[in-house]
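Novice:
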Amino acid sequence: MNFRAQNHYYKILMGMLMVIGILLLALVICLISFLVASPTNSSPKETTPESGAVEAPADTTAPVVNPSVGQTPLPETPDAGLSYQDKLIFVGDSLTAHLVAREVLTGGKMTKQVWRTENNMLNLNSEVTAAKIIYPETGESMTIAEAAGKAKPEIMIVTLGTDWGVSYLTEKDFKTCYTALIRDIQAASPETTVILQSIFPVTTSAKLKNEKIDICNGWVREIAADCGCPYLDTQTILKGADNALKPEYCNSSDGIHLHKEAYVEILKYIRTHAYTK
């Protein structure tokens with residue numbers, strides 16, 4: 503091979519080496535850029551308002567609640583007395599409405615502590631949030647949430663399920679309807695403590711069955727936990743050894759409604775399982 507041919511091949515080889523070098527350099531640059539842009543395994547440094555960074559807005563889609571609230575019933579306390587009882591607002595079905603007729607609250611039949619519908623029944627169904635009570639302070643007709651927003655009570659005790667709920671609702675519908683009402687009350691009066699009280703037992707002759715009531719009370723406890731509400735397990739003091747309402751506490755042939763003595767025991771239980779913040 504002459505000198506001219508050798509020189510020609512030499513130039514081709516040098517050109518190929520130069521192209522390869524450029525490609526390698528470009529590859530190294532790309533690799534470095536990728537490593538710099540990729541997130542590391544270490545947590546990013548948190549910023550504070552003092553650093554000038556703008557914090558992400560808090561998630562307000564649901565209230566922050568203590569998951570232990572409601573799971574454990576309110577524990578026994580010393581008797582909180584009439585000063586505690588007199589500041590309570592009671593909302594619920596026909597059994598709650600009968601607190602007025604039995605004259606066990608301060609003011610007797612003129613008490614303003616019981617929010618009740620015109621027919622003394624509050625059905626736990628899809629219309630419960632729209633149900634109208636007679637606001638005792640003015641005689642106006644309004645929803646429970648509207649009354650809560652107006653009165654701003656410190657503590658409200660809600661008792662639902664005997665009317666409609668136990669007999670007809672599935673677990674999903676029971677929880678949906680009950681939760682909707684509690685959320686409405688909490689939205690209207692955030693400072694109000696809403697206590698969920700157990701559904702009361704019935705006698706063995708009643709059409710309602712205590713086995714189903716016990717199941718529904720389990721649902722009430724779960725609703726209380728989900729909504730951040732205390733739970734009052736009042737039903738325990740009304741039961742006999744047969745897991746049914748003691749006959750001496752029953753006031754009617756239906757096996758459901760209660761004597762005055764039963765309400766006296768219920769109020770005593772409420773006072774001796776008082777809620778304190």
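Sequential numbering from 503 applies to the sequence shown in the working numbering. Glycine included, every Cβ here is placed at the ideal spot set by N, Cα and C.
Does the distance from the CB of P655 to the CB of T694 come in under 8 Å?
Specialist: Closer than 8 Å, so yes.
Novice: What is the DSSP secondary structure of I717, counted as helix, strand or coil?
Specialist: Helix, per DSSP.
Novice: Starting from the C-beta of D561, find all residues in its chain whose C-beta is less than 8 Å away, skip the five residues before and the five after it, and write them out in chain order.
Specialist: Caution is warranted here: a pLDDT of 35 is assigned to D561, below 50, making its placement in the model unreliable, and the coordinate value is therefore given only provisionally. Excluding residues within five positions, none has a Cβ falling inside 8 Å.
Novice: If you pair each beta-carbon of the stretch 720-733 with each one of the stretch 673-686, do three or more pairs fall below 8 Å?
Specialist: Counting Cβ pairs under 8 Å, three or more are found: they touch.
Novice: In whole angstroms, what separates the C-alpha of R614 from that of A689?
Specialist: It should be pointed out that residue 614 corresponds to Lys in this sequence rather than to Arg. Going from the Cα of K614 to the Cα of A689 covers about 23 Å.
Novice: Taking the continuous beta strand (DSSP E) assigned at V660, which residues delimit it?
Specialist: Residues 657-661.
Novice: For the structure I just gave you, are there three or more beta carbon pairs, one from the stretch 656-675 and one from the stretch 586-598, closer than 8 Å?
Specialist: Yes, the stretch 656-675 is in contact with the stretch 586-598.
Novice: Tell me the rounded alpha-carbon separation between P732 and E767.
Specialist: Straight-line Cα distance between these residues: approximately 20 Å.
Novice: Where does G667 sit, in a helix, a strand or coil, going by DSSP?
Specialist: G667 falls in the helix class under three-state DSSP.
Novice: To which residues does DSSP link Q699 through a beta bridge?
Specialist: In DSSP, Q699 forms a bridge with L734.
Novice: Looking only at its own chain, which residues have a Cβ that is under 6 Å from the Cβ of L698, when we skip the five neighbours before and after it?
Specialist: So the list reads V660, V722, A726, C731, Y733, once near-sequence residues are dropped.
Novice: Closer than 8 Å, CB to CB, is I659 near chain B or not?
Specialist: The structure shown has no chain B; it contains just one protein chain.
Novice: Is A743 buried or exposed, if buried means 16 or more other CB atoms sit within 10 Å of its CB?
Specialist: A743 should be labelled exposed.
Novice: Expressed to the nearest angstrom, what Euclidean distance is found between the alpha-carbon atoms of K611 and L590?
Specialist: Their Cα atoms are separated by approximately 16 Å.
Novice: Kindly give me the distance between the Cβ atoms of T631 and A647, rounded to whole angstroms, as I take these residues to be in contact under 8 Å.
Specialist: With a Cβ gap of about 7 Å, T631 and A647 count as contacting.
Novice: Check whether the Cβ atoms of V696 and A746 sit closer than 8 Å, and answer yes or no.
Specialist: Contact flag unset, no.
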